[in-house]
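**Student:** This is the structure, below, for whatever I ask next.
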Amino acid sequence: MKTNSFLLDPTHFSISELFLKRFFWVSAALMLVIMTMISSDYGMTWDEWVHAHYGKLIVRYFLTGGQDKAALTSGADIGGDLTLNLYGHLFDTITTLIYGLKTGSIHRAAFQDLQWGDFYETRHFINACVGFLIILIIGLLCQRMAGWRAASLGLWFAFLSPRLLGHSMNNPKDIPFALTYTLALYWMIPFLNELPKPKWRRILLLALGVALSIAVRIGGILLLAYLFFFLFCFWVTQYFNHRLNTKVMSVSLTSVLIVSLLGYFGGLIFWPFGLEAPLKNPWIAFHEMSNYNALVLGVLFEGEKYLSTHLPWYYIPKWIFITSPLFILLGWAFFVFARWRAKPIDRDSALKVLLLAAFFPIGYAIFKKPPLYDGWRHFIFVYPPFVVLAVLGWEHLWRLLQKTWLKAMACVLLVVLLVRPAAWMVRNHPHAYVYFNETVGGLKGAFGNYDTDYWGNSLKLAAEWLGEHLKEEGMYDPVVVSSDGSTLQTAYYLKTMLGDQYNPLVPSIHGTRGWDYGIGLTRNLSHDELLSDKWPPEGTIHEIKADGVTLCAVVKNPVPPWARAIQERLLKSR
């Protein structure tokens with residue numbers, strides 16, 4: 001790899017690279033063990049069941065040789081949104097196949113609509129492995145740019161980023177795309193450095209990265225746009241260096257076209273909608289997703305309720321700023337300072353790739369103004385490049401400081417900043433993804449001003465507590481339980497614990513009798529409702545908290561059953 005005034009030379013480190021390399025891999029192994037162990041503590045997310053079911057439809061499509069066309073539908077018929085067929089769903093397809101192999105029948109895993117057992121625990125285990133791979137690739141990106149010390153920093157910076165770690169447990173949409181996006185960037189850097197004629201290994205690996213990204217989300221096509229942009233930059237550079245000729249242009253263009261064709265068509269292999277019309281449907285999907293505005297939600301931001309289609313332009317930048325740990329924010333500041341001191345032109349492609357990959361999607365969203373909600377989870381794929389930039393910032397600070405006592409102070413500061421989010425996650429497990437940093441007063445300061453448990457991760461703990469509570473009380477009659485989120489988020493646990501004694505609230509069946517117990521979330525509540533006596537609601541018998549803030553409440557209906565029966569008779573007599 002070429003070096004320059006900005007990228008760091010790892011040979012200058014005082015600690016041996018061999019020791020740092022071993023520390024990196026030991027740390028990685030420890031993280032993998034921890035992440036897979038804690039994955040079962042996390043609950044189902046809001047629409048996870050929809051995506052899990054759609055993964056089954058894709059497997060059905062292939063098992064029947066394309067005869068089962070259910071995977072070509074939008075998803076509205078299974079209670080999902082109108083865009084399910086516009087995603088590749090590679091993660092959901094793979095998890096269905098793995099669960100089928102685990103249970104001894106892929107056919108049963110694909111054609112059985114609901115699995116109780118440990119289906120979602122298996123999904124979360126795989127999700128955690130995908131999240132771990134993101135962390136690992138971040139470390140390897142840092143190693144490529146600044147050696148094994150930077151690699152270890154990158155590993156721990158990513159692992160101790162609560163939002164990334166929390167989403168890694170049970171986010172089947174954004175985490176897989178973040179992995180494939182980061183992996184493609186990792187393979188794109190050496191490809192660009194070897195232009196005009198990269199090795200075949202570089203070409204095939206980059207094509208694989210692009211294909212995997214498209215197989216998860218059509219937005220992976222963005223990587224091809226990056227590739228052609230950097231090809232143009234390469235030609236411009238060669239022109240000013242008087243090295244541009246027909247051969248250089250044709251050879252480099254051929255390499256990029258091979259990557260594009262292999263990546264594009266490779267990304268359609270496990271995507272039924274794309275396979276049905278390879279030259280038409282992917283572009284329909286790209287156009288629809290780029291202009292998607294069918295979903296309009298209420299979003300709590302800065303203490304005000306906005307429509308998801310009318311948020312301030314800085315919604316995503318601010319969310320990233322207030323939910324990234326302080327060691328990341330300081331790293332960015334150090335990076336900007338180091339960048340200012342560096343020479344204006346860098347020969348290596350790594351920084352250019354990272355900067356474009358981090359900032360372009362955010363800038364495009366600001367320009368395009370799509371509906372935004374659920375914080376910045378849709379943009380979590382830009383976080384890995386930001387982590388690498390933060391690591392480079394700290395590395396430059398270390399290199400800038402000449403005196404031993406200054407380096408010692410910097411180390412102490414960094415350790416303190418790393419420990420704070422680590423301790424927070426331990427205290428508030430398994431709610432890592434609701435973390436806010438000190439710039440807004442942590443979760444306590446953010447509560448009532450920003451959405452917290454928007455995906456209902458806390459519903460699992462609430463449902464498990466209610467199940468144990470009812471069993472301890474010696475329940476004799478069936479109970480009707482109302483729950484925020486999707487019904488399956490609590491039914492998956494309550495049905496297992498209570499069997500036929502549990503009944504989810506279905507208004508068409510239970511009528512005005514209503515519910516016996518309710519499980520409520522903060523989503524859709526306003527600033528005033530969250531900070532008044534309306535939350536937690538009357539009749540609350542248990543609260544799921546993080547950092548002293550109530551994320552979820554278990555409520556016993558304050559109106560006794562006999563009174564509800566009278567109310568029902570009176571209503572019927574009218």
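Numbering (our numbering), first residue to last: 1 to 574.
All C-beta atoms in this analysis are idealised placements derived from N, C-alpha and C, irrespective of residue type, glycine included.
Computed from a predicted structure; not experimentally measured.
1. Taking C-alpha atoms, which residue in Ile320, Ile175, Pro558, Glu304 lies nearest to His89?
2. Quick one: grab the DSSP three-state call for Gly220.
3. CA-CA distance, Arg341 and Gly331?
4. If you draw a straight line from the alpha carbon of Tyr42 to that of Ala333, how long is it in whole angstroms?
5. Return the CA-CA distance between Thr512 and Leu505, expressed in angstroms with no decimal places.
6. In angstroms, rounded to a whole number, what distance separates the CA positions of Trp156 and Tyr239?
7. Let me know if Asn170 comes out buried or exposed under the rule of 16 or more other beta-carbons within 10 Å of its beta-carbon.
8. Which same chain residues end up closer than 6 Å to Thr439 when comparing Cβ atoms and leaving out the 5 residues on each side of it in sequence?
9. Spatial neighbours of Val554 within its chain, please: C-beta separation below 6 Å, excluding the five flanking residues on both sides.
10. According to DSSP, is Leu307 part of a helix, a strand, or is it coil?
11. Would you tell me roughly how many angstroms separate the C-alpha atoms of Phe24 and Trp424, rounded to the nearest one?
12. Does any residue of chain D bring its CB to less than 9 Å from the CB of Ser260?
13. Report yes if the C-beta distance between Ala128 and Leu140 is below 9 Å; otherwise report no.
14. For Glu543, does the three-state DSSP call read helix, strand or coil?
15. Around the Cβ of Leu494, are there at least 16 other Cβ atoms within 10 angstroms (buried) or fewer (exposed)?
16. Buried or exposed: which applies to Met31, given that a residue is buried once 16 or more other Cβ atoms fall within 10 Å of its Cβ?
17. Following the continuous alpha helix (DSSP H) through Ala553, name the residue where it begins and the one where it ends.
18. Helix, strand or coil for Val559 per DSSP?
19. Relative to the C-alpha of Arg163, which residue among Gly263, Thr452, Tyr315, Pro536 is closest?
20. Are there 16 or more other CB atoms within 10 angstroms of the CB of Ser252, so buried, or fewer, so exposed?
21. Tell me whether Gln67 is buried or exposed, calling it buried when 16 or more other Cβ atoms sit within 10 Å of its Cβ.
22. Whole angstroms are fine: how far does the CA of Ala390 sit from the CA of Leu195?
23. Touch check for the segment 253 to 267 and the segment 52 to 71: three-plus C-beta pairs under 8 Å?
24. Indicate the three-state DSSP secondary structure (helix, strand or coil) for Ser27 in the structure shown.
25. Within 10 angstroms of the Cβ of Asn291, are there 16 or more other Cβ atoms? Answer buried if so, exposed if not.
26. Helix, strand or coil: how does DSSP classify Ser482 here?
27. Let me know if Gln402 comes out buried or exposed under the rule of 16 or more other beta-carbons within 10 Å of its beta-carbon.
28. Can you tell which of Leu531, Pro172, Arg427 has its C-alpha closest to the C-alpha of Asp47?
29. How would you call Leu222, buried or exposed, if buried means at least 16 neighbouring beta carbons within 10 angstroms?
30. Please state the DSSP three-state secondary structure of Ile519.
31. In angstroms with no decimal places, state the Cα-to-Cα distance between Phe381 and Ala110.
32. Exposed or buried, Val130, counting other C-beta atoms within 10 Å across all chains shown (16 or more means buried)?
33. Give me whichever residues DSSP pairs with Val299 in a beta bridge.
34. Looking at the secondary structure, which residues open and close the beta strand (DSSP E) in which Pro504 lies?
35. Let me know the alpha helix (DSSP H) ranges lying completely inside the segment 133 to 220, each 4 residues or longer, listed in chain order.
36. Using three-state DSSP, classify Tyr292 as helix, strand or coil.
**Tutor:** Let me spell this out:
1. The residue you call residue 89 lines up with position 89 of the sequence shown. Of the candidates Ile320, Ile175, Pro558, Glu304, the one whose C-alpha sits nearest the C-alpha of His89 is Ile175.
2. What you label residue 220 is simply residue 220 of the sequence shown in a count that begins at 1. For Gly220, the secondary structure class from DSSP, reduced to helix, strand or coil, is helix.
3. Working through the sequence shown from its first residue, we reach residue 341 at position 341. Working through the sequence shown from its first residue, we reach residue 331 at position 331. The C-alpha of Gly331 is placed about 15 Å away from the C-alpha of Arg341.
4. In the sequence shown, the residue the question calls residue 42 occupies position 42. In the sequence shown, the residue the question calls residue 333 occupies position 333. If I take the Cα positions, the gap works out to 34 Å.
5. On the sequence shown, position 512 is the one that residue 512 refers to. On the sequence shown, position 505 is the one that residue 505 refers to. Note on Thr512: pLDDT 44, under 50, position unreliable in the model; the coordinate value appears next. Note on geometry: alpha-carbon atoms of Thr512 and Leu505 lie some 11 Å from one another.
6. As a first step, residue 156 must be located in the sequence shown, where it is residue number 156. As a first step, residue 239 must be located in the sequence shown, where it is residue number 239. In this structure, the alpha-carbon of Trp156 lies about 42 Å from that of Tyr239.
7. Within the sequence shown, residue 170 is the residue found at index 170, counting from 1. The residue is buried, with at least 16 neighbouring Cβ atoms inside 10 Å.
8. Counting from 1 along the sequence shown, the entry for residue 439 is found at position 439. The residues are Ile322.
9. Along the sequence shown, read from residue 1 onward, the residue named residue 554 stands at position 554. For Val554, where only same-chain residues beyond five positions count, the Cβ hits under 6 Å are Ala462, Leu466, Ile519, Ile541, His542.
10. Numbered from 1 along the sequence shown, position 307 holds the residue referred to as residue 307. Assignment of Leu307 by DSSP, reduced to helix, strand and coil, places it in the strand class.
11. The residue you call residue 24 lines up with position 24 of the sequence shown. The residue you call residue 424 lines up with position 424 of the sequence shown. The C-alpha of Trp424 is placed about 24 Å away from the C-alpha of Phe24.
12. Given the protein chain composition of this structure (a single chain), no chain D is represented.
13. Counting from one through the sequence shown, the residue named residue 128 turns up at place 128. Counting from one through the sequence shown, the residue named residue 140 turns up at place 140. Cβ distance not < 9 Å, so Ala128 and Leu140 don't count as in contact.
14. In the sequence shown, the residue the question calls residue 543 occupies position 543. In this structure, Glu543 counts as strand in the three-state DSSP scheme.
15. Here residue 494 corresponds to residue number 494 of the sequence shown, with the count starting at 1. Here Leu494 is buried. Its C-beta has 16 or more other C-beta atoms within 10 Å.
16. Start at 1 with the first residue of the sequence shown, and residue 31 comes out as number 31. Buried, because 16 or more other Cβ atoms sit within 10 Å of the Cβ of Met31.
17. Sequence index remark: in the sequence shown, residue 553 carries index 553 (1-based). No alpha helix (DSSP H) holds Ala553; the beta strand (DSSP E) holding it covers 549 to 556.
18. On the sequence shown, position 559 is the one that residue 559 refers to. Three-state DSSP puts Val559 in coil, outside helix and strand.
19. Locating residue 163 in the sequence shown gives position 163, counting from the first residue. Nearest of Gly263, Thr452, Tyr315, Pro536 to Arg163, Cα basis: Thr452.
20. If you number the sequence shown from 1, residue 252 lands on position 252. Buried, because 16 or more other Cβ atoms sit within 10 Å of the Cβ of Ser252.
21. As a working note, residue 67 is residue 67 in the sequence shown. Burial call: exposed.
22. Along the sequence shown, read from residue 1 onward, the residue named residue 195 stands at position 195. Along the sequence shown, read from residue 1 onward, the residue named residue 390 stands at position 390. Straight through space, the alpha carbons of Ala390 and Leu195 are spaced by roughly 28 Å.
23. Here the segment 253 to 267 does not lie against the segment 52 to 71, with fewer than 3 beta-carbon pairs under 8 Å apart.
24. Taking the sequence shown and counting its residues from 1, the one referred to as residue 27 is at position 27. The answer is helix: DSSP assigns Ser27 an H, G or I state.
25. For the purposes of this step, residue 291 is identified with residue 291 of the sequence shown, where counting begins at 1. By the 10 Å Cβ count, Asn291 comes out exposed.
26. By 1-based counting over the sequence shown, the position of residue 482 is 482. When secondary structure is reduced to three states using DSSP, Ser482 falls in the strand class.
27. By 1-based counting over the sequence shown, the position of residue 402 is 402. Label assigned to Gln402: exposed.
28. Within the sequence shown, numbered from 1, the residue matching residue 47 stands at position 47. Of the candidates Leu531, Pro172, Arg427, the one whose C-alpha sits nearest the C-alpha of Asp47 is Pro172.
29. On the sequence shown, residue 222 is found 222 positions in, with the first residue counted as 1. Residue burial annotation: Leu222 is buried, with at least 16 other C-beta atoms found within 10 angstroms of its C-beta.
30. Reading the sequence shown from its first residue, position 519 is the one you call residue 519. Taken through DSSP and simplified to helix, strand or coil, Ile519 comes out as strand.
31. Against the sequence shown, residue 381 aligns to sequence position 381. Against the sequence shown, residue 110 aligns to sequence position 110. When rounded, the distance between both Cα atoms is 29 Å.
32. As a first step, residue 130 must be located in the sequence shown, where it is residue number 130. Buried, because 16 or more other Cβ atoms sit within 10 Å of the Cβ of Val130.
33. Sequence index remark: in the sequence shown, residue 299 carries index 299 (1-based). BP columns for Val299 point to Tyr306.
34. Position 504 of the sequence shown holds residue 504. That run of the beta strand (DSSP E) goes 502 to 504.
35. Inside the segment 133 to 220, DSSP marks whole alpha helix (DSSP H) runs of 4 or more residues at positions 148 to 159, 162 to 170, 174 to 193, 200 to 216, from first to last along the chain.
36. Position 292 of the sequence shown, counted from the start, is the residue given in the question as residue 292. Tyr292 sits in coil when the DSSP states are folded into three classes, being neither helix nor strand.
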